[in-house]
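For reference, the structure discussed in these notes is given below.
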Amino acid sequence: MNKLKITTYCLNKQVYQNCIGHKQYMMKKYPSKISYGLLLLVLIIPIATVFPLISSQRWFPVGVNIFIVVFMLWVFFNLYYIIDEGVLSIKLGFVAFKRIDIQSIKMIAETSSLISAPAASLDRLEIIYNKHNGIIISPKDKSGFIEHITKANPRIVIQYKTK
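Numbering follows the UniProt record's numbering, with no gaps: position 55 of the sequence shown is 55.
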């Protein structure tokens with residue numbers, strides 16, 4: 001009876017514990033940090049072009065621009081990263097953008113690269129995994145994210161920017 005209780009407790013992912021010979025880690029969702037300057041930069045062209053279109057009464061392009069603005073806002077505010085059962089999932093709303101096995105991660109480095117990435121801020125982390133793959137993300141709680149992911153894979157090398 002006690003063994004069944006522990007197994008159920010582990011499957012529900014309530015706490016960190018050693019469950020029948022293997023480690024089970026809590027699922028955690030990390031929202032993306034949002035840089036309002038970057039958001040403004042991304043939205044400035046669609047917003048700036050709406051006003052001339054309205055004055056010329058070109059309603060279809062106005063609708064397209066409004067759709068683009070709403071979509072970009074949705075992207076910025078629904079981007080998050082999930083660590084669960086040894087996998088880092090990058091999610092955009094309900095869409096799984098990318099799944100990375102945490103054991104394949106070699107290095108995490110702070111970066112402010114402008115490369116297009118699933119990151120809503122320029123305060124970013126570059127994740128190097130497998131042999132030569134990399135992705136850039138921007139969790140709001142960088143230190144908590146790094147601590148959580150290194151508990152799952154202590155071999156990950158962390159590189160901080162020098163200030």
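Built from N, CA and C at the ideal position, the CB exists for glycine as well.
Query raised in the report: Going by DSSP, which residues form a beta bridge with E110?
Result: L125
Query raised in the report: Count the other CB atoms within 10 Å of the CB of T162; is the residue buried (16 or more) or exposed (fewer)?
Result: exposed
**Report entry** Sequence-distant residues of the same chain with beta carbon closer than 6 angstroms to D84, five excluded per side
**Finding:** M27
**Report entry** Rounded distance between the beta-carbons of A119 and Q159, thought under 8 angstroms
**Finding:** That pair is no contact at about 17 angstroms.
Report task. Using beta-carbon positions only, say whether P139 and S32 come within less than 8 angstroms of one another. Result -> yes
Report task. Evaluate contact between the segment 92 to 110 and the segment 38 to 53, counting only Cβ atoms and requiring at least three cross-stretch pairs below 8 angstroms. Result -> no
Report task. Take every Cβ of the segment 55 to 70, pair it with every Cβ of the segment 136 to 150, and state whether three or more of those distances are shorter than 8 angstroms. Result -> no
Query raised in the report: Since I137 contacts A117 with CB under 8 angstroms, what's their CB separation in whole angstroms?
Result: 7 angstroms
Query raised in the report: Helix or strand or just coil, what does DSSP make of S138?
Result: coil
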